[in-house]
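Peer 1: In this note's numbering, the protein residues as written are 67 to 207.
The beta carbon of each residue, even a glycine, is placed where N, CA and C say it ideally should be.
Below you'll find the structure I mean.
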Amino acid sequence: MTIHRRVLFLKILAFLLLIGPGLMMILGTKGPFMAAINGFLDFAHQPYDGQTQISGEAAFLLNAILGGILIGFGTLIWMVSEHVFRGNPALGRKMILTALFAWFITDSLGSVLAGAWFNAVINLVILIAFLLPLLFGRTDA
67 MTIHRRVLFL
77 KILAFLLLIG
87 PGLMMILGTK
97 GPFMAAINGF
107 LDFAHQPYDG
117 QTQISGEAAF
127 LLNAILGGIL
137 IGFGTLIWMV
147 SEHVFRGNPA
157 LGRKMILTAL
167 FAWFITDSLG
177 SVLAGAWFNA
187 VINLVILIAF
197 LLPLLFGRTD
207 A
């Protein structure tokens, strides 16, 4: 895979796995995406039984804040991919991998401690998706 395709793949992943879900979290706080958000939370917090839902004003606020953080993290990966990784793959890779592993370790540990162990499995799939364009491929244009 060329560097151009690797950058494109990273940007698509950033949108699909981070920016898009972050927007859904913000717009779904009191809107049409709440069912999808509750469905994901229930799926991540096995068993999938319809019992896990966001409720209460504090939970809605936290959901909106975390949606904003997802958008920021996705935007950061998008920008580093385009403006750093494209010209300096080693530096871009180091920057993105550091952020990804910081997220993966803390999010997965917190999920396990909260009883949502399956979210760590989901996190692993997301991490692997980002590792593919970061670690495999040519660096030529």
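Between which two residues does the alpha helix (DSSP H) containing Ser177 stretch?
Peer 2: Reading the sequence shown from its first residue, position 111 is the one you call residue 177. It spans 155 to 179 - the alpha helix (DSSP H) in which Ser177 sits, taken as one unbroken run.
Peer 1: So what's Ala182 in DSSP terms, helix, strand or just coil?
Peer 2: The residue given as residue 182 occupies position 116 in the sequence shown. Ala182 falls in the coil class under three-state DSSP.
Peer 1: For Arg71, count neighbouring C-beta atoms within 10 Å of its own C-beta (all shown protein chains included) and say buried if the count is 16 or more, exposed if not.
Peer 2: Counting from one through the sequence shown, the residue named residue 71 turns up at place 5. When all chains shown are included, Arg71 counts as exposed.
Peer 1: With a CB to CB cut of under 8 Å and the five nearest residues on each side skipped, what residues in its chain are close to Phe202?
Peer 2: Start at 1 with the first residue of the sequence shown, and residue 202 comes out as number 136. Cβ within range, chain order: Met67.
Peer 1: If we require 3 or more residues per run, which beta strand (DSSP E) segments fall completely within the stretch 93 to 155?
Peer 2: Whole beta strand (DSSP E) segments, 3+ residues: zero.
Peer 1: Using the C-alpha atoms, what's the distance from Asn129 back to Ala180?
Peer 2: Position 114 of the sequence shown, counted from the start, is the residue given in the question as residue 180. Position 63 of the sequence shown, counted from the start, is the residue given in the question as residue 129. Using only the alpha carbons, I get a separation of about 16 Å.
Peer 1: Less than 7 Å between the C-beta atoms of Ser174 and Ala186, yes or no?
Peer 2: In the sequence shown, residue 174 corresponds to position 108, counting from 1. In the sequence shown, residue 186 corresponds to position 120, counting from 1. Taking 7 Å as the Cβ cut-off, Ser174 and Ala186 qualify as a contacting pair.
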